[in-house]
Structure formats: C-alpha cells, structure tokens
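Peer 1: Take 974 as the starting number for the sequence shown in our numbering and just add one per residue.
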Amino acid sequence: MNGALQQDDDSRAERAADTFGRLFGGSPDGVWAAPGRVNLIGEHTDYNDGFALPMALPQTTLLAARARTDGRLRLHSAQGDGRITDLAVAGLVPGAVTGWTGYPAGVVWALAEAGHPVGGADLHFDSTVPTGAGLSSSAALECAVAVAYDELYGLGLSGPELARIAQRAENGFAGVPCGIMDQMASVCCTAEAALHLDARTPEAHRQVPFDLRGRGLRLLVIDTRVTHDLGDGAYAALRAGCERAAALLGLPALRDLPAGELPRALSTLPAELAPLVRHVVTENARVTEAVCRLREGNAAALGPILTEGHASLRDDYRVSCPETDLAVSAALGAGALGARMTGGGFGGSVIALVEDGREDAVGESVTAAFAAAGHRPPRILEATPAAGAHRLAPRPGPR
C-alpha cells in the first residue's frame, strides 16, 4: 500500500472511531477494513468448483467494533438512514433480518451456528465500495465482520475459514447462493497480486504477481450504474442449471469435465444447458491461461483473454446487458487491450486493461458512447491490486 492510501486509511479509521464514540459512547476495540474486489477472469466458476483470478480493490468497508457482553448486536452505517439497528444474537435466524444489516448479522449467525463462542457487538460501518456495481460490497461487509469477530472473540480462524463463514452468511442467511470467490478475495488477497483460487480447495490458493504499473498498464473499472440484485432469482437459476448439467453428465461439478470432452458432452445435454457448460469449461481454461501469462511477466496478454471471457458471458451465459456490452465495445474501440464485464452480471461493472497513457481516451470514449445512447454517465476508477481484510487501528490492550 502506498503512502497516500495508508494516510487515507488512517484518517478514515480516525473518523470511524470518532463516529463510533458519538453513536455508542467510548472507543471501539478496533477498526478493521475489508476490500471490494474485481475478478480478472473466472466468472460463475466458483460455484462449479472451478478456478478464478480476483484481486482486491483499494476501496474498502471500514468497521469500528466493540464486543458486548449482553448478547445485543447493534449496527450502524454511515451510508444508511442514520438509524441504529438493535438485534438479539440469540434471535438471529434466516429470514429474520432484511436489507443491508442481513449481511453482517448473517456472519454472527454463521459463527454461532458453526459452534464458535461469540456474543454481541457494537458495529459502525463506513464504506467506499460502490454498491450494486458488481464489486462485492456485500462480501466486504461480511468479511469486515468476520475478521473483527475473529479478533474480538479470540477465535483464531484462518483466512479461508473466515471466507467460508462469510460465504455461509450470504448463502444461508441473506439467501444468495454465491460461491466463495468474493469472500476469499476480500480476506486473502495481497497487494500487487491476484489470487489464483481453486474453489474446491480454497486453502490451496496462491498469489500471482500482478505489477500493473511496472508493466506500463492500467486497469480501469467502469461502473455502468446499472444496479444488480443477485438475490432476485436469476443467479440461483444459473447455478441450478449448472448443477443439473453436472448431474446429467455424471460429474461432481462442471470443473470435472475435461476440455477435450466438451464437444461430446454438449451433444448430450438439453439445449438450454449446453451454453452454460461451454462457458464454465472454457472460462476455467481462460483462468489457467491468464495465470500462465502473468507468471511469464506478460500482463498485456490478459487483454484478449478478458475480451473472450466477455463474449462467453454475453453469448453463452447471457448475464450481460446493453450497458456492459456498450462499455466493452467503446473501450476496445478506444484502444483498450481487452475488456469484459466483471461480477455476477445483470449490470454492474466492466474492467478494461489499457496501456499507460490511454486511460483518459478510453474513459472519454465510454462516457461519450453512454451519452449518445441515452444512458446515465458511467463512473470510472482505476483499480490497483490491494491487500485483503486487515486491522487498521492498533490492537487493544487486555480486556
């Protein structure tokens, strides 16, 4: 993390602690940060036990937290309506909490369900991760709570264990049947690297050096401002289709279908399932190729891989939309090395890999294309590989 970002994090942590004091009285036990993420390649593969290559963003959800001994869970967000939500930890059950508070409350529920000795807490959140942009704002919420509770209650859990707890919260409490990629990225990523994830064995994740600036490259995130809701049923239907296809093929998961057997498998499947299988198998191959190119030091070679991935998401998986397609085509037309939608789809963001010095031209091209099409102006930011969830404020003394 560079000095400017560290200074910004420190000032944000101070503000979060000050706000915590005004809301709850006294000081928090600590302030933690958990990042959003962009996925370079490997979309909709994690719930098929496949591969992905995400990286953490500098944009984070900050959490000022203090343990309680009375079993109450009190939550407040700087981005919320100003109210404090007061819940009983003993009363946390799926369906009992709706809205944004379901994500952090779900983590406490998941920890208790797993047998960990956890109680209540006062929690104040302040996030710079855009919501609805496909950048995993929900995972950032969950993972901030997971790492804070791990320290507050002395649980001693590993990064992958915390990611599994956060995923369990989203699956079982918030009702979104996501894979583990978002949570693994938020907890386990390191700065200047992408995370090579095998969703079947998250504990075996590896860091892949991703030095953008050193290779004369920039990675732009283009938020189309088309919001998406992965809990609306479309995501669940895609996952169910993949699981049905794997069962028809006699496989534990689609990651077990070798690329060489894809044509035969497609010929045996119902027409509505074949495109899903083709995407998952070819996307896993794209992750493997991307990791090879990065380990060779050839980050620019990611460009065509990104663009191929977008075509697969658009044509086979059908989770793109006019705005994401337009952002990709406008970025490529302005000289981007590659571009694709990132995240679950149905809106959200596009990433574009560009050569140093081309970022303004690409951003202007996308903005102009959106204006000509009558869309809302996109929000464009630069992504640099950042660190996963961590404590910002000093460790507290003995309680």
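Ideal Cβ positions, reconstructed from N, Cα and C, are used throughout, including at glycine.
Quick one: residues in its chain with C-beta nearer than 6 Å to the C-beta of Arg1364, no 5 flanking neighbours on either side, listed in chain order?
Peer 2: Contacts found: Gly1003 and Trp1005.
Peer 1: By the three-class DSSP mapping on this structure, what secondary structure does Asp1155 have?
Peer 2: Residue state, collapsed to three classes: helix.
Peer 1: Quick check: the region 1121–1141 against the region 1046–1065, are there 3 or more CB pairs under 8 Å?
Peer 2: no
Peer 1: Going along the chain, which residues of its own chain have a beta-carbon closer than 6 Å to the beta-carbon of Gly1308, five neighbours each way excluded?
Peer 2: Arg1331
Peer 1: Relative to the C-alpha of Pro1031, which residue among Pro1236, Leu1192, Glu1256 and Arg1287 is closest?
Peer 2: Scanning Pro1236, Leu1192, Glu1256 and Arg1287 for the CA closest to the CA of Pro1031 turns up Leu1192.
Peer 1: Short of 7 Å in beta carbon distance, which residues of its chain neighbour Ala1007, apart from the five on each side in sequence? Order them along the chain.
Peer 2: Thr1033, Thr1034, Ala1113, Cys1116, Ala1117, Val1120, Ser1159 and Ala1362
Peer 1: Work out the CA separation of Thr1261 and Ser1109 for me, nearest whole Å.
Peer 2: Approximately 23 Å, taken between the alpha carbons.
Peer 1: State yes or no: is the beta carbon of Met1157 nearer than 7 Å to at least one beta carbon in chain B?
Peer 2: No chain B appears in this structure, which consists of one protein chain only.
Peer 1: Exposed or buried, which one is Glu1143 when buried takes at least 16 other CB atoms within 10 Å?
Peer 2: buried
Peer 1: Rank Thr1163, Val1011 and Arg1188 by C-alpha distance to the C-alpha of Val1181 and give the top, closest one.
Peer 2: Thr1163
Peer 1: Run through DSSP, which three-state label would Asp1022 get?
Peer 2: coil
Peer 1: Please determine, among Ala1304, Gly1321 and Ala1273, the residue with the shortest C-alpha to C-alpha distance to Val1335.
Peer 2: Ala1304
Peer 1: According to DSSP, simplified to helix, strand and coil, what is Glu1355?
Peer 2: strand
Peer 1: How many whole angstroms separate the CB atoms of Arg1039 and Ala1094, which I take to be in contact at a CB cut-off of 8 Å?
Peer 2: 6 Å
Peer 1: Taking DSSP as the reference, what is the three-state secondary structure of Glu1328?
Peer 2: Here Glu1328 sits in strand by DSSP.
Peer 1: Taking the beta carbon of Gly1044 as the centre, do at least 16 other beta carbons fall within 10 Å, making it buried, or is it exposed?
Peer 2: exposed
Peer 1: List the residues that DSSP assigns as beta-bridge partners of Ser1050.
Peer 2: Phe1098
Peer 1: Taking all protein chains shown into account, decide if Val1066 is buried (16 or more other Cβ within 10 angstroms of its Cβ) or exposed.
Peer 2: Burial call: exposed.
Peer 1: I want to know whether the region 1216–1235 touches the region 1250–1265 - three or more CB-CB distances under 8 Å.
Peer 2: yes
Peer 1: Tell me which residues share the same chain as Gly1318 and place their Cβ nearer than 6 Å to its Cβ, disregarding the 5 neighbours each side in the sequence.
Peer 2: Val1292
Peer 1: The beta strand (DSSP E) spanning Asp983 covers which residue range?
Peer 2: Run containing Asp983: none in the beta strand (DSSP E); it sits in the alpha helix (DSSP H), Gly976 to Phe997.
Peer 1: Could you check the C-alpha separation between Val1080 and Tyr1020 for me, to the nearest Å?
Peer 2: 20 Å
Peer 1: Measure the alpha-carbon distance for Ala1037 versus Gly994 and round it to whole angstroms.
Peer 2: 10 Å
Peer 1: Roughly how far, in whole angstroms, is the beta-carbon of Glu1328 from the beta-carbon of Leu1310, given that I think they are within contact range, below 8 Å?
Peer 2: Taking a contact as a CB-CB distance under 8 Å, the pair Glu1328 and Leu1310 counts as one, their CB atoms being some 7 Å apart.
Peer 1: Of all the options Val1194, Thr992, Arg1237 and Ala1342, which has the alpha carbon lying nearest to the alpha carbon of Pro1358?
Peer 2: Val1194
Peer 1: Within a Cβ cutoff of 7 Å, which residues of the same chain sit near Asp1196, ignoring the five residues on either side of it in sequence?
Peer 2: Pro1103, Ala1106, Ser1322, Pro1351 and Arg1352
Peer 1: Tell me the residue span of the alpha helix (DSSP H) that contains Asn1257.
Peer 2: Ala1247 to Arg1268
Peer 1: Would the beta-carbon of Leu1299 fall within 7 Å of that of Ala1345?
Peer 2: no
Peer 1: For Cys1265, count neighbouring C-beta atoms within 10 Å of its own C-beta (all shown protein chains included) and say buried if the count is 16 or more, exposed if not.
Peer 2: Counting Cβ neighbours within 10 Å, Cys1265 comes out exposed, since fewer than 16 surround it.
Peer 1: Using a 10 Å radius around the Cβ and a threshold of 16 neighbouring Cβ atoms, would you call Asn1012 buried or exposed?
Peer 2: buried
Peer 1: Could you pull out every residue in the same chain whose Cβ sits closer than 6 Å to the Cβ of Leu1222, ignoring the five residues on either side in sequence?
Peer 2: Ala1238
Peer 1: Should Thr1018 go down as buried or exposed, given a rule of 16 or more other Cβ atoms within 10 Å for buried?
Peer 2: buried
Peer 1: Determine the extent of the beta strand (DSSP E) in which Ala1037 is found, giving its start and end residues.
Peer 2: Pro1027 to Arg1041
Peer 1: For Asp981, collect the residues of the same chain with a Cβ closer than 7 Å to its Cβ; drop the 5 residues on either side in sequence, then sort them by chain order.
Peer 2: none
Peer 1: Using a Cβ-Cβ cut-off of 7 Å (strictly less than) and excluding sequence neighbours within five positions of Leu1246, which residues of its own chain qualify?
Peer 2: The answer, listed in chain order, is Gly1214, Arg1217 and Ala1218.
Peer 1: DSSP three-state call for Ile1278: helix, strand or coil?
Peer 2: Note: Ile1278 maps to helix in three-state DSSP.
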